[in-house]
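A.B. asks: After the structure tokens below, expect a handful of questions from me.
There are 2 protein chains.
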Amino acid sequence: MTVKGREKGGAVPQGVVGRLPIYFRYLSELEHQGIERISSAQLGKALDFTAAQIRSDLSYFGSFGQQGYGYNVQDLLKQVRLILGLNKNYSMILIGAGNLGKAIACYSGFKMQGFEINAIFDIDPHLVGNFLEGTTIQHVDKLEDYLKENHVDVAILATPKNASQSMADLLGKSDVESIWNFSPAHLTVPDNVIVENIHLTDSLYGLVFRLNENREIRKQG
Amino acid sequence: MTVKGREKGGAVPQGVVGRLPIYFRYLSELEHQGIERISSAQLGKALDFTAAQIRSDLSYFGSFGQQGYGYNVQDLLKQVRLILGLNKNYSMILIGAGNLGKAIACYSGFKMQGFEINAIFDIDPHLVGNFLEGTTIQHVDKLEDYLKENHVDVAILATPKNASQSMADLLGKSDVESIWNFSPAHLTVPDNVIVENIHLTDSLYGLVFRLNENREIRKQG
DNA sequence: TAGATTGTTAATCGATTAACAATC
DNA sequence: TAGATTGTTAATCGATTAACAATC
Chain A
1383 MTVKGREKGG AVPQGVVGRL PIYFRYLSEL EHQGIERISS AQLGKALDFT
1433 AAQIRSDLSY FGSFGQQGYG YNVQDLLKQV RLILGLNKNY SMILIGAGNL
1483 GKAIACYSGF KMQGFEINAI FDIDPHLVGN FLEGTTIQHV DKLEDYLKEN
1533 HVDVAILATP KNASQSMADL LGKSDVESIW NFSPAHLTVP DNVIVENIHL
1583 TDSLYGLVFR LNENREIRKQ G
Chain B
1383 MTVKGREKGG AVPQGVVGRL PIYFRYLSEL EHQGIERISS AQLGKALDFT
1433 AAQIRSDLSY FGSFGQQGYG YNVQDLLKQV RLILGLNKNY SMILIGAGNL
1483 GKAIACYSGF KMQGFEINAI FDIDPHLVGN FLEGTTIQHV DKLEDYLKEN
1533 HVDVAILATP KNASQSMADL LGKSDVESIW NFSPAHLTVP DNVIVENIHL
1583 TDSLYGLVFR LNENREIRKQ G
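Chains as they are written, first to last, in this note's numbering: chain A, 1383 to 1603; chain B, 1383 to 1603.
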């Protein structure tokens, strides 16, 4: 089934893509609380968006509300789930089983949503052979062969900075569709590979910039 | 010393704040490689931005380049470092010493940049008393008293979803200036507290959305 | 000097918001 | 029906880019 908005031609703007998971998360909470209906105004208030933005975002994909009523929480949740593609299963591999890699592998947040880590690789001989969340850590030398024999939707990259581009090159030559990059490097990849970055230090530096901005403002009145 | 752009009145746009750390990271690399000069065109090519955008971003804060030459890498790096506020030290605390909290505490990326975790709290009695990166894990009951006696620039929140808002409330009542939130919750805090979110699942869901978008496009030609 | 590249202005593009007819 | 709230259009706002005079 094709979702309405996709046919409109243009790709969905980044801003919208970034907000969809926020809607999904909050709607899940509401459903969990047994709340049946919600209006765009209420959603906006809870999530610090304008009501218009929420309606506009959703209208990329269809008409899910009802005048005078708002949205049915369960229905809308189902729709957003479908829009995000969370009705499917995704095969992931993890490259880099250090502290961060371990934390990601153990992170319970997405296990229930059809994401599974099917293989884990590391270069450290002390880690190779160990179990992590029920998966044996393999030497990274085995990665190339693994990629030939298995389809991977998402490769999680939690390697040190200096290793990440060469790993990305390897992944780029395979049929891996996307990289979830936790390493502090700007990856160069083929056009058809999607990269989503989690840059921890960038995030912290941005925070600190705004912190200092705040201090300036308070100082000046 | 006040940086030029700040006086212009308006706050620096989010987009610019988001790109500054990327410039910083890449310039650090260039300096490390011993490269002396770079033009906005070269920077743009390496980082997938337009040259105009880079010049425009930098011009918020001053004139760091030279016509016909470009930018001196060391100089520009120093300036960006100053703009971000990385010449100062920042006192951090970590709340939640689970897998993710541990990984953050051990993450080497920001240790060298003046960030220090001075206290760690958790609610799990099995963790309390343990050492993590040279710091004893305290029971979260001690947090309130700690906040009265110590100034905290950044509180790192790595708690489960259901605990994070109550922690944020506690932090909001103290003089904590900012929260680096790793929990999958939308925090409500006083106006003067800055929140920077790392929402792992949101990031993954956004990735998956684009992955499916990509598949649609390839299918249709 | 000639070539290169900045910082900035004006033009363009895109995203957000306000407003409202449609209608539950 | 009257009140509420949608989906969408038009207006606004802001961010990006192209172009260029200034100048190293």
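We treat Cβ as the ideally placed atom computed from N, Cα and C, and that holds for glycine.
(1) Should B/His1533 go down as buried or exposed, given a rule of 16 or more other Cβ atoms within 10 Å for buried?
(2) With distances taken Cα to Cα, identify the nearest neighbour of B/Ser1560 among B/Ala1550, B/His1568, B/Tyr1442, B/Thr1541.
(3) Of the choices A/Asp1573, A/Pro1572, A/Leu1593, A/His1568, whose alpha-carbon is the least far from that of B/Phe1406?
(4) Determine the contact status of B/Ile1499 and B/Thr1517, defining contact as a CB-CB distance below 8 angstroms.
(5) Could I get the ranges of all uninterrupted alpha helix (DSSP H) runs contained in the stretch 1442-1507 of chain A, with 4 residues as the minimum, in chain order?
(6) Do the stretch 1435-1443 of chain A and the stretch 1409-1417 of chain A meet, that is, are 3 or more Cβ pairs less than 8 angstroms apart?
(7) Apart from the five residues just before and just after B/Leu1514, which ones in its own chain have a Cβ nearer than 7 angstroms to its Cβ?
(8) To which residues of the same chain is B/Asn1512 closer than 6 angstroms at the C-beta, ignoring the five residues directly before and after it?
(9) Could you tell me how far apart the beta carbons of A/Gly1491 and B/Thr1583 are, in whole angstroms, since I believe they sit closer than 8 angstroms?
(10) Measuring CA to CA, which of A/Arg1597, A/Phe1564, A/Val1558, A/Ser1585 is closest to B/Asp1573?
(11) Going by the beta-carbon positions, is the gap between A/Gly1496 and A/Leu1476 smaller than 8 angstroms?
(12) Going by other Cβ atoms of all chains shown within 10 Å of its Cβ, with 16 needed for buried, is B/His1581 buried or exposed?
(13) Closest by CA to A/Arg1463, which one among A/Val1590, A/Val1399, A/Ile1420?
(14) Go ahead and label A/Pro1507 buried or exposed: buried means 16 or more other beta carbons lie within 10 angstroms of its beta carbon, across all protein chains shown.
(15) Which same chain residues, not among the five before or five after B/Leu1429, have their C-beta less than 7 angstroms away from its C-beta?
(16) How is B/His1414 classed by DSSP in three states: helix, strand or coil?
(17) What does a CB cutoff of less than 6 angstroms around B/Val1575 pick up in its chain, not counting 5 residues either side in sequence?
(18) So A/Ser1560 is in the beta strand (DSSP E); what residue range does that whole segment cover?
C.D. replies: If we stick to the structure as given:
(1) Burial check for B/His1533: the Cβ neighbour count within 10 Å stays below 16, so the residue is exposed.
(2) B/Ala1550
(3) A/His1568
(4) yes
(5) Entirely contained in the stretch 1442-1507 of chain A, the alpha helix (DSSP H) runs reaching 4 residues are, in chain order, 1455-1466, 1481-1488.
(6) no
(7) Ala1479, Lys1484, Ala1487, Ile1502
(8) Excluding five sequence positions before and after B/Asn1512, the CB atoms of its chain that fall closer than 6 angstroms to its own CB belong to Ile1519, given in chain order.
(9) 4 angstroms
(10) Minimum Cα distance to B/Asp1573 is reached at A/Arg1597.
(11) no
(12) buried
(13) Minimum Cα distance to A/Arg1463 is reached at A/Val1399.
(14) exposed
(15) Ile1404, Tyr1408
(16) helix
(17) Gly1554
(18) 1560-1563
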